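Written out as structure tokens, the structure reads:
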């Protein structure tokens with residue numbers, strides 16, 4: 135196990151605020167996708183390349199816990215890492231922080247799909263060395 | 135307990151598809167918000183009015199399970215209902231279907247906030263008669 | 135010339151407001167797409183079917199003038215119609231109103247593309263009878 | 135006249151693609167907002183600070199011309215600059231490029247509003263030194 139934690143900075147645009155003056159809750163799922171993109175590039179498997187190789191990793195479950203609001207112009211730290219990859223699935227855990235303070239955390243579970251057949255297929259073995267856990271915790 | 139199930143039809147725009155040809159996963163959280171709006175209007179407490187009365191119901195937890203993809207021009211049935219309302223919180227459960235077939239389901243947990251103080255406050259008693267459960271199941 | 139004006143009602147979700155308490159300006163382009171979808175269904179050429187027949191109508195120009203803000207829970211009237219269709223292009227004009235009052239207006243210009251070749255192709259003749267004008271005004 | 139051209143790099147997420155496999159047209163208005171944010175920070179007037187000082191710069195007109203599609207994972211160059219600032223208005227011009235090739239260009243016109251009164255007010259004099267033109271070209 136050699137967990138790789140991908141990180142990025144992200145400046146909140148006005149577009150993502152709502153009339154409560156905070157980032158609208160759905161945008162965190164896009165933040166999670168942005169950091170998954172960084173994570174996959176970091177481990178040498180950019181998602182676009184993965185698609186061109188005939189795979190897809192659709193989200194089958196998403197979960198977010200909102201601790202404190204993010205606001206316009208915040209310079210967020212977004213982090214993400216592979217929690218586990220087993221059978222035909224994997225889970226990516228994510229965190230959003232501002233100045234080190236946790237604003238939101240959550241995860242997405244993905245199925246590995248063979249695009250030609252549309253069927254689930256064994257998760258890419260390249261993921262295993264980067265996982266935080268051996269197996270699903272639940 | 136007299137559960138009220140709010141429902142609406144929703145036509146998927148091109149804006150919400152992604153290059154996999156399906157609705158991008160974050161939009162389901164907006165679908166959940168749309169049906170919560172209908173639900174609150176149905177039970178006589180439109181969210182805008184609730185804000186004008188000094189309350190807010192920020193999302194503190196969101197969960198979605200994706201079963202089958204929704205697609206462009208789909209005429210979706212979105213349903214939502216109060217699962218429970220207790221202490222300073224409530225949970226709304228949601229489903230997205232096409233021709234009766236379940237595409238996604240999930241829930242949001244909300245804190246009830248007094249906007250003047252920014253502090254949690256007892257959930258509106260008007261919610262209780264419309265809840266599916268007496269108390270949180272977990 | 136027998137202009138067809140498509141119309142729809144649209145309830146503004148919290149998702150589309152920003153911290154100024156009004157609908158964020160980019161969402162109007164999605165409203166324009168929603169009404170184009172209605173317009174094409176009305177004239178018997180749903181966009182999805184048009185794609186399956188091998189055509190695409192990508193936007194090559196978009197313009198919006200914002201007169202008054204739309205707000206959360208507003209029940210908007212969105213209208214759209216074909217301004218002209220000529221050569222390989224067409225223009226759709228759109229308006230957004232609340233209680234009859236104009237909030238925003240604008241247009242999109244589309245190229246007609248043959249999806250197989252990726253090349254511009256003559257605009258569908260089915261559009262002509264529904265246009266407001268004979269030819270581009272500019 | 136000492137034009138300041140703000141620039142940023144931006145990685146396209148899956149969220150912003152559509153089923154045509156390209157960036158959906160409304161997102162360019164968010165790109166324009168992102169670069170306006172950079173521009174205002176560059177000239178020492180971050181938009182959040184401007185709001186705290188009692189001003190707002192709502193968009194009253196937006197225009198985009200789409201030349202070539204942007205795609206998933208593209209590392210875009212977004213540029214923006216003040217075209218003019220005169221009376222109670224200003225215009226910001228924007229470009230989106232990939233590897234130097236122009237994908238889209240356009241502009242937004244803003245009114246300067248006094249937030250307390252809600253009335254138009256003289257555009258901030260701090261903008262003048264950074265404008266590309268003396269006065270509106272039209």
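Protein chains in written order, with the numbering used here: chain A, 135 to 272; chain B, 135 to 272; chain C, 135 to 272; chain D, 135 to 272.
The beta carbon of each residue, even a glycine, is placed where N, CA and C say it ideally should be.
A quick note: this is a predicted structure, and the numbers were derived from the prediction, not measured.
Mind checking if residue i is an interface residue toward chain D, Cβ cutoff 9 Å exclusive?
i: residue 141(B); result: no
i: residue 204(C); result: no
i: residue 196(C); result: yes
i: residue 190(C); result: yes
i: residue 255(C); result: no
i: residue 168(A); result: yes
i: residue 181(A); result: yes
i: residue 199(C); result: yes
By Cβ distance below 7 Å, which residues in the same chain neighbour residue i in space, the five residues on each side in sequence not counted?
i: residue 190(B); result: 247, 249
i: residue 165(D); result: 144, 212, 230
i: residue 241(C); result: 197, 217, 225, 226, 227, 228
i: residue 188(B); result: 248, 249, 250
i: residue 261(B); result: 216, 219, 224
i: residue 209(A); result: 143, 145
i: residue 171(C); result: 181
At a Cβ threshold of 9 Å, is residue i touching chain C?
i: residue 160(D); result: yes
Taking the continuous beta strand (DSSP E) assigned at residue i, which residues delimit it?
i: residue 216(A); result: 209 to 220
i: residue 240(B); result: 235 to 245
i: residue 145(D); result: 140 to 145
i: residue 167(B); result: Counting along the chain, residue 167(B) falls outside any beta strand (DSSP E), though it belongs to the alpha helix (DSSP H) covering 161 to 176.
i: residue 231(C); result: 223 to 232
i: residue 196(A); result: 193 to 200
At a Cβ threshold of 9 Å, is residue i touching chain A?
i: residue 164(C); result: no
i: residue 171(D); result: yes
i: residue 260(B); result: no
If residue i sits next to residue j, beta carbons under 8 Å apart, how far is it from one beta carbon to the other, in whole angstroms?
i: residue 198(A); j: residue 238(A); result: 6 Å
i: residue 207(C); j: residue 180(B); result: 6 Å
i: residue 159(C); j: residue 200(C); result: 6 Å
i: residue 153(B); j: residue 153(D); result: 7 Å
i: residue 163(D); j: residue 163(C); result: 7 Å
i: residue 142(B); j: residue 169(B); result: 6 Å
With a CB to CB cut of under 8 Å and the five nearest residues on each side skipped, what residues in its chain are close to residue i?
i: residue 137(C); result: 215, 216, 264, 265, 266
i: residue 245(A); result: 191, 192, 194, 222, 223, 254
i: residue 161(D); result: 150
i: residue 185(B); result: 249
i: residue 234(C); result: 211
i: residue 257(B); result: 219, 220, 221, 222, 223, 224, 246
i: residue 205(B); result: 146, 151, 155, 156, 157
Which residues bound the alpha helix (DSSP H) around residue i?
i: residue 181(B); result: 181 to 186
Using a Cβ-Cβ cut-off of 6 Å (strictly less than) and excluding sequence neighbours within five positions of residue i, which residues of its own chain qualify?
i: residue 203(A); result: 156
i: residue 173(C); result: 140, 214
Does the ligand HEM have a heavy atom nearer than 8 Å to the CB of residue i?
i: residue 173(B); result: The ligand HEM is absent from the structure shown, which contains no ligand whatsoever.
I'd like to know whether the C-beta of residue i is nearer than 9 Å to at least one C-beta of chain F.
i: residue 197(C); result: Absence of chain F from the displayed structure is noted, the protein chains being A, B, C and D.
Exercise. Closer than 7 Å, Cβ to Cβ, to anything on chain C: give me those residues from the region 145 to 159 of chain A, in chain order.
Key: Within the region 145 to 159 of chain A, the residues whose Cβ lies closer than 7 Å to any Cβ of chain C are, in chain order, 148, 149, 151, 152, 153, 155, 158.
Quiz item: Taking a cut of 7 Å between CB atoms, which residues from the region 219 to 238 of chain D lie near chain A?
Solution: none
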